[in-house]
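Have a look at the structure below before the remarks.
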Amino acid sequence: MDFFHSQESLTTIQWILRAVAAYLFLLIAAKALGQRSISQLRFLDFIIALILGNIIAHPLSDEHLGLVGSMITTIVIVVLYMTTSWLSLKWKFLKHYLDPPPLRLIKNGQIQMKSLRKAKISIDHLFSELRKQQIEDIAKVALALWEPGGIISVFLEPPYHPLTAKDMYIPTSSFSLVKPIIVEGSSDDKMLAQLGKDHAWLDAQIHTAHLDMKDVELATIDDQDQLRIYTDLDTNEKDEQTLI
Numbered sequence: 045m046d047f048f049h050s051q052e053s054l055t056t057i058q059w060i061l062r063a064v065a066a067y068l069f070l071l072i073a074a075k076a077l078g079q080r081s082i083s084q085l086r087f088l089d090f091i092i093a094l095i096l097g098n099i100i101a102h103p104l105s106d107e108h109l110g111l112v113g114s115m116i117t118t119i120v121i122v123v124l125y126m127t128t129s130w131l132s133l134k135w136k137f138l139k140h141y142l143d144p145p146p147l148r149l150i151k152n153g154q155i156q157m158k159s160l161r162k163a164k165i166s167i168d169h170l171f172s173e174l175r176k177q178q179i180e181d182i183a184k185v186a187l188a189l190w191e192p193g194g195i196i197s198v199f200l201e202p203p204y205h206p207l208t209a210k211d212m213y214i215p216t217s218s219f220s221l222v223k224p225i226i227v228e229g230s231s232d233d234k235m236l237a238q239l240g241k242d243h244a245w246l247d248a249q250i251h252t253a254h255l256d257m258k259d260v261e262l263a264t265i266d267d268q269d270q271l272r273i274y275t276d277l278d279t280n281e282k283d284e285q286t287l288i
């Protein structure tokens, strides 16, 4: 375990072991912090990511620095992060600081310049975000909010809402969630158990479709017990049948 401590020099194997140990440790730390996408990072998350990256990076490039100190520091930072996140649920002023309310950028088709400056975004960027949502005219926007995560939420004026089946009085069937039960030739035992099915039932369905399990790239089932079997994700479905 010498690679954990500061050394005058490290061998290639010790450098590799140090990198592997740091990588596994960061995975554990990241799991404790919780999962967010880059676009969802809060102010606190961003600061923590910068600190942890800097703490771990140094001992990975400098043999004179031990890895133990960086790990201890990381643990302290993670505990502080979790404590701050918990306190933000209890103290409104801390929650408001870490997760500020959204800024109103557009109201009734009018740009709110004060909020735009506060959000530190340009009009060009605002129009770019509107174009990404296929909105070509700002007059169509009833409300646009700059969310804490950096996302712009846009709400259109009622006349510009897309028509739905309800608006057209078109009868529709109830929502049905499709669940994968075979992926790349391997069955999902947990999903089968939730559906009240077993391997014998699944094997019978695959046999009925004149296929082997290893030939199935994907098999899904919906709430109406309709099974769809695909032999290649890049082609049309191979077989479809309704279960009894």
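Throughout, my numbering is defined as the position within the sequence shown, counted from one, plus 44. For every residue, glycine included, the Cβ atom is placed at its ideal position computed from N, Cα and C. Just so you know, these numbers come straight off a predicted model, no measurement behind them.
Within the segment 230-261, note down every full alpha helix (DSSP H) run reaching 4 residues or more, in order along the chain. Counting only runs of 4 or more, we get 233-238 and 243-252.
Please classify residue 185 as buried or exposed, where buried requires at least 16 neighbouring CB atoms within 10 angstroms. Under this definition residue 185 is a buried residue.
Consult DSSP for residue 167 and reduce its assignment to one of helix, strand or coil.
Here residue 167 sits in helix by DSSP.
*Entirely within the segment 122-190 and at least 4 residues each: give me those alpha helix (DSSP H) ranges in chain order.*
Segments of the alpha helix (DSSP H) lying fully in the segment 122-190: 136-142, 157-163 and 167-176.
Check residue 263 in the structure and name its three-state DSSP category. Residue state, collapsed to three classes: strand.
Next on the checklist: If the criterion is Cβ atoms closer than 8 Å, does the pair residue 225 and residue 255 meet it?
Outcome noted: Against a cut-off of 8 Å, the Cβ pair of residue 255 and residue 225 comes out as no contact.
Margin query: Which same chain residues end up closer than 7 Å to residue 151 when comparing Cβ atoms and leaving out the 5 residues on each side of it in sequence?
Written below: Correct list, in chain order: 187.
Suppose you measure from the CA of residue 271 to the CA of residue 208; what does that come to, to the nearest Å?
Rounded to whole angstroms, residue 271 and residue 208 show a C-alpha spacing of 28 Å.
Item to complete: Please name the residue or residues paired with residue 197 in a DSSP beta bridge.
Response: Beta-bridge pairing links residue 197 to 189.
Exercise. In terms of alpha-carbon separation, which member of 121, 112 and 106 lies closest to residue 90?
Worked result: Closest by alpha carbon: 121.
Query - Contacting residues, own chain, Cβ-Cβ under 6 Å from residue 139 (five flanking each side not counted) - result: Answer for residue 139: 132, listed in chain order.
| Can at least three beta-carbon pairs, one atom from the segment 134-149 and one from the segment 159-177, be found at a separation below 8 Å? | As far as the Cβ criterion goes, the segment 134-149 touches the segment 159-177, which means the pair count is three or higher.
Practice prompt. State whether the segment 189-196 contacts the segment 216-232, with contact taken as three or more CB pairs (one from each stretch) at a distance under 8 Å.
Written response: Counting C-beta pairs with one atom in each stretch, the segment 189-196 and the segment 216-232 have fewer than three that are closer than 8 Å, which means they do not touch.
Practice task
Indicate the three-state DSSP secondary structure (helix, strand or coil) for residue 214 in the structure shown.
Solution key: DSSP places residue 214 in coil when its eight states are reduced to three.
So what's residue 58 in DSSP terms, helix, strand or just coil?
In this structure, residue 58 counts as helix in the three-state DSSP scheme.
Check: Which term fits residue 62, buried or exposed, when burial requires 16 or more other beta carbons within 10 angstroms of its beta carbon?
Finding: With a threshold of 16 other beta carbon atoms within 10 Å, residue 62 meets it and is buried.
- Item | residue 274: first and last residue of the uninterrupted beta strand (DSSP E) it sits in | Note, residue 274: beta strand (DSSP E), 270-274.
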